[in-house]
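Novice: Start counting the sequence shown at 59; every next residue gets the next number (our numbering).
Virtual Cβ for every residue (Gly too), placed ideally from N, Cα, C.
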Amino acid sequence: MIKRLVVAVLLASPVWAQAQDVEKGSNVTASVKKPSRDFVMLSLGYNGWVKPDSIQTKGLGRTAHLDVCYDFPIKKTHLSFAAGIGIGASNIYLNDQILLNTDTFTAARFVPETTNYKRYKLTTTYLEAPFELRYFANKDNRNKGFKAAIGMRVGTLISAHVKGRLDSTKVNYKENSKKYLSPWQFEATLRLGYGNFSIFGAYNITPLFKDGQGPLITPYSIGLTITGL
């Protein structure tokens, strides 16, 4: 899923237009730049867990989000409010462990692997609604100047699976299941940047698993956001 999102990269670029001013007795043609509204946001980064010591992860967990937001300027200030819709996916790689989330037990369990997997990961995909309060130092051209945003991303789980690749082979094991996982995700978000590039951070307010149906795990992520249009 993350690879598909990366393929969907949209080039963020300023939008230019030509406008004509008519003054008394003469025509004046001027180049006017339409203000960017950060309509499209592509975020790529590292995904991790705040977790018990008994759960072992390894490698570089990855996250990707592609959001489309509508921006509402707050009068003539440097502030605006934005809301939108998007999709996000995250991978976490386990170290010599597997996740049992489809058996007859009452909770998800992380147990030592009995098969020698080269890689074993949990992937979750959410349909998201991001909300942001934004600040732009350059309100006339948001493709330039300092910018900051604080907000929340609300997501509903649309798919989840575990996938393992057997060592020394190209054979993959995959099992789809949303059992035990929280159906909703609420993330506090922060972005700081300049022009079309920002550093983002996100921290889950809700745990990964339903209450009492798995260990207490809180996902977080940090990375780069590209904005435009």
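Give a yes or no on whether the C-beta atoms belonging to residue 127 and residue 142 are separated by under 8 Å.
Specialist: On the sequence shown, residue 127 is found 69 positions in, with the first residue counted as 1. On the sequence shown, residue 142 is found 84 positions in, with the first residue counted as 1. It is a contact, given that the beta carbons lie within the stated cut-off.
Novice: What residue ranges within the region 175-207 form continuous alpha helix (DSSP H) runs of no fewer than 4 residues, ordered along the chain?
Specialist: none
Novice: Specify, as a first and last residue, the run of the beta strand (DSSP E) that residue 128 falls within.
Specialist: Translated into the one-based positions of the sequence shown, residue 128 becomes position 70. Segment 115-131, the beta strand (DSSP E) holding residue 128.
Novice: Is residue 159 close to the ligand COA? I mean its beta-carbon at under 7 Å from any heavy atom of the ligand.
Specialist: Among the components modelled here there is no ligand, and therefore nothing to report on the ligand COA.
Novice: Where does residue 252 fall in DSSP's three states?
Specialist: Along the sequence shown, read from residue 1 onward, the residue named residue 252 stands at position 194. Assignment of residue 252 by DSSP, reduced to helix, strand and coil, places it in the strand class.
Novice: Per DSSP, residue 287 is paired with what?
Specialist: Locating residue 287 in the sequence shown gives position 229, counting from the first residue. Beta-bridge pairing links residue 287 to no other residue.
Novice: If you measure between the beta carbons of residue 192 and residue 260, is that distance less than 8 Å?
Specialist: Translated into positions along the sequence shown, residue 192 becomes position 134. Translated into positions along the sequence shown, residue 260 becomes position 202. For residue 192 and residue 260, no; Cβs fall outside 8 Å.
Novice: So what's residue 270 in DSSP terms, helix, strand or just coil?
Specialist: Within the sequence shown, residue 270 is the residue found at index 212, counting from 1. Reduced to three states, the DSSP call for residue 270 is coil.
Novice: Can the beta-carbon of residue 264 be found less than 8 Å from the beta-carbon of residue 244?
Specialist: Position 206 of the sequence shown, counted from the start, is the residue given in the question as residue 264. Position 186 of the sequence shown, counted from the start, is the residue given in the question as residue 244. Yes. Within cutoff.
Novice: For residue 197 and residue 137, what's the separation of their Cα atoms in angstroms?
Specialist: Taking the sequence shown and counting its residues from 1, one reaches residue 197 at position 139. Taking the sequence shown and counting its residues from 1, one reaches residue 137 at position 79. Using only the alpha carbons, I get a separation of about 8 Å.
Novice: Let me check understanding here. Comparing Cα to Cα, which of 241, 230, 211 and 204 lies closest to residue 218?
Specialist: Within the sequence shown, residue 218 is the residue found at index 160, counting from 1. For the residues 241, 230, 211 and 204, the minimum Cα distance to residue 218 belongs to 241.
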